[in-house]
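If you're matching positions, the sequence shown starts at 69 in this note's numbering and goes up one per residue. What follows is a set of notes on a single structure, which appears directly below.
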Amino acid sequence: METVKFGYTPTHPGEVLKDEIEYRKISQRQLAERMGVSYKALNDLLNGRRSLTVVTAMMFEAALDIPADSLMRLQVKYNMQKASSDSKFLERLKQIRKYAALF
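Take a look at the structure:
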């Protein structure tokens, strides 16, 4: 099985959300308060230092009317791209494939 290749750099969902709240002229503090999350957690997510979870995606959907499933797809693609560029992980996959070929 081939390693997943995307041919592009996936966008972290935080980038999309950050652009959206800037476009709507909503402050991060205001949004964090509205969603009931800390400013730091929101800022970390918007700057790609934290991953989006199903719960936070659903909270963004409620707050901004952006479909949670679309945000989660962005996160999954981002995670897969990151994993596919991790040489230690790729070596581990190679070893697993060798073992699986014995069956």
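Glycine included, each C-beta is placed from N, C-alpha and C at the ideal position.
{"Check": "Got a sec, what are the start and stop residues for the alpha helix (DSSP H) Lys150 sits in?", "Outcome": "136 to 152"}
{"Check": "According to DSSP, simplified to helix, strand and coil, what is Glu70?", "Outcome": "Model confidence at Glu70 stands at a pLDDT of 49, short of 50, so the residue's coordinates are unreliable; what they give is reported in the following sentence. The answer is coil: DSSP assigns Glu70 none of H, G, I, E or B."}
{"Check": "Near Met127, what residues of its chain come up, given a Cβ to Cβ distance below 6 Å and the 5 sequence neighbours on each side ignored?", "Outcome": "Met103"}
{"Check": "What is the C-beta distance between Met140 and Val122, in whole angstroms, given that I count them as a contact (C-beta under 8 Å)?", "Outcome": "7 Å"}
{"Check": "First and last residue of the alpha helix (DSSP H) that includes Pro81?", "Outcome": "81 to 91"}
{"Check": "Secondary structure at Asp112, three-state DSSP: helix, strand or coil?", "Outcome": "helix"}
{"Check": "Would you grab the beta carbon distance between Ala125 and Ala136 for me? Rounded to a whole angstrom, and I think it's under 8 Å.", "Outcome": "4 Å"}
{"Check": "From Glu90 to Pro78, what distance separates their C-alpha atoms?", "Outcome": "21 Å"}
{"Check": "Could you tell me the alpha carbon to alpha carbon distance between Tyr146 and Leu170, rounded to whole angstroms?", "Outcome": "32 Å"}
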